[in-house]
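Numbering (the working numbering), first residue to last: 630 to 794.
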């Protein structure tokens, strides 16, 4: 008997991949794609766009513009926390589907991808922990050696755009 993950894939409505740049979903500028193959069955699960250097540059510039012109840098910690909590709620509300997608992606049994340390619930808890710090890290005054006539002041603020693979 042959096992197929394709009905599972279709049930989850796995989307064909595009890039997400500047609020839009373009294809890769050079047409590059990558086919994800299920590791247990060798079936094609999905096709994803592969960003070129030009696509990455465009995304970084868009992110920098959004950072410079958007609300995030001047947003109060409490408001940032509320946005992170919305994301956390979405993770929790969609945990079953996320866990099943992870199984489809990695070839893991659903019983494993639903285990706490690899599950959407774990990711939600990590975000929840960090969201709890957002309005508590406000900077501090650091005294120097005895007799010094100055202090060091710290202020935590967003730095800007980061790109990662």
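Every residue, glycine too, gets a C-beta built ideally from N, C-alpha and C. Fair warning: this is a prediction, and the values are worked out from it, not measured in the lab.
With distances taken between CB atoms, is the gap from residue i to residue j smaller than 8 angstroms?
i	j	result
residue 756	residue 782	no
residue 677	residue 654	no
residue 647	residue 674	no
residue 689	residue 657	no
residue 691	residue 651	yes
residue 698	residue 641	no
residue 695	residue 720	no
residue 751	residue 758	no
residue 768	residue 785	yes
residue 634	residue 665	no
residue 775	residue 749	no
residue 702	residue 787	yes
residue 789	residue 709	no
If I'm right that residue i touches residue j with Cβ under 8 angstroms, what's the distance once you round it to whole angstroms?
i	j	result
residue 609	residue 706	In the structure displayed, the chain extends from 630 to 794; residue 609 sits before or after that span and is not available.
residue 731	residue 740	Not confirmed; about 12 angstroms, so no contact.
Does DSSP classify residue i as helix, strand or coil?
i	result
residue 782	strand
Would you list, in sequence order, the uninterrupted alpha helix (DSSP H) runs of no fewer than 4 residues that lie entirely inside the stretch 666 to 749? 682 to 698, 706 to 722, 724 to 735, 739 to 742
Which runs of the beta strand (DSSP E), 3 residues or longer, sit entirely within the stretch 749 to 776? 770 to 772
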